[in-house]
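Following: one structure in structure tokens, then a few remarks.
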Ligand SMILES: Cc1cc2nc3c(=O)[nH]c(=O)nc-3n(C[C@H](O)[C@H](O)[C@H](O)COP(=O)(O)OP(=O)(O)OC[C@H]3O[C@@H](n4cnc5c(N)ncnc54)[C@H](O)[C@@H]3O)c2cc1C
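In my numbering, the protein residues as written are 4 to 398.
Spelled out as structure tokens, the structure:
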């Protein structure tokens, strides 16, 4: 039997780590706290050559990966085109990547409804502790349990996510529901709207069941919107008055918060995007937080993906970064002592993650750059840089 690994978290970072380690001969068990197979509400994911190479490296079948877009287009407040650049890229969805990786992991090694609360370790073994009182022992524990990671909470309690001052609203509209003018002018491209103080990006993704046929796809709407800490507190409070910590499950977002968002959208956004929003399924928001762990390993325990470092979504690197972590983890452990291999993994991936983390913060800062009047998205001095460096590989 090969060496044994336990993965905390069965989202994309956890599955990538699992398939990379399995390929290197490890016996891997994934423990996901959610009790049902995960679904990402169709959230869009931009692919890069690095991500496609990583998927191929772990033996994934990437046929029908997503929708091919050919150009990036910036719009102004009136809905006119400000800039167009050729920029071929495949855009896919969280569900598609998850599905591709999930099928590489046998069900008997994939455990739903198991929450890891902490761990103990000796020189030779590590034991994961579960909320249900259970425990499991292995040679390696990987914390791929997201930006609120319990594994990181034990390893590095001083590392806490810091709120950035803005949230991202996301929504999906069915291609078939959109007016013809939007289907022809806005839908096919990777779109931007970049005035001072807010930003939209949007692009087509597959429809339900990875349907890539024209007319059956969906538009992925992503809107960065400022929200001061007090406003965020209100946004995180559900209809029963319960205040949620850090993020709120989408179904619990209050109707009056959705109403306020719609009013702001009507006032601030170009008409085509307001219409896309109006044709969308229930929108939801995610507050944008930062954190970057100074180390990604301690003894036999490693961190990967968002548990180790969040790169704000502007770089579209979260999945790619998690994939790079997974491949580096398997490579550094190949034939190596676990503790030494993890130390080398951490030394490589902390600075690499930092590049994506800092670049993403820069792109976030550009949204609020008011050095030049730009109320309508026509005069953004960094428009070309934003269009060329959003959602590309860095680090
Ligand atoms: C608006 C937006 C757009 C994005 N766009 C892109 C993009 O275009 N390209 C891209 O690459 N990335 C993008 N990302 C980022 C990407 O979604 C994440 O970075 C990526 O999914 C990282 O996943 P992860 O597995 O590390 O963490 P997560 O996806 O957060 O998963 C953590 C998992 O661990 C589970 N878990 C948590 N705690 C425990 C525990 N104690 N025990 C067991 N299980 C636990 C959770 O239930 C969850 O399933 C975007 C993010 C946002 C918000």
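For glycine and all other residues, C-beta sits at the position ideal for the given N, C-alpha and C.
query: Contact between the stretch 57-74 and the stretch 360-372 (3+ Cβ pairs under 8 Å); result: no
query: Under 9 Å between C-beta atoms of residue 165 and residue 297; result: no
query: Three-state secondary structure assigned by DSSP to residue 143; result: strand
query: Residue span of the beta strand (DSSP E) that contains residue 173, given as start and end; result: 165-177
query: Segment contact flag, the stretch 216-229 with the stretch 80-88, C-beta cutoff 8 Å, min 3 pairs; result: no
query: Per DSSP, cross-strand counterpart(s) of residue 114; result: 34
query: Residue 226 to residue 263 span [Cα, whole Å]; result: 14 Å
query: Proximity of residue 22 and residue 329 at Cβ, strictly below 9 Å; result: yes
query: Closest Cα partner of residue 101 within the set 138, 153, 93 and 47; result: 47
query: Residue 324 Cβ short of 8 Å to ligand 1 heavy atom set; result: yes
query: Beta-ladder partner(s) of residue 205, from DSSP; result: 194 and 224
query: Rounded straight-line distance, which links the Cα of residue 31 to that of residue 4; result: 11 Å
query: Whole-number beta carbon distance between residue 311 and residue 299, since they are thought to touch under 8 Å; result: 5 Å
query: Residues that DSSP places opposite residue 2 in a beta bridge; result: Residue 2 is absent from the structure shown; the chain starts at 4 and stops at 398.
query: Whole-angstrom distance between residue 191 and residue 271, CA atom to CA atom; result: 23 Å
query: Buried or exposed by the 16-neighbour rule on C-beta atoms within 10 Å, applied to residue 39; result: exposed
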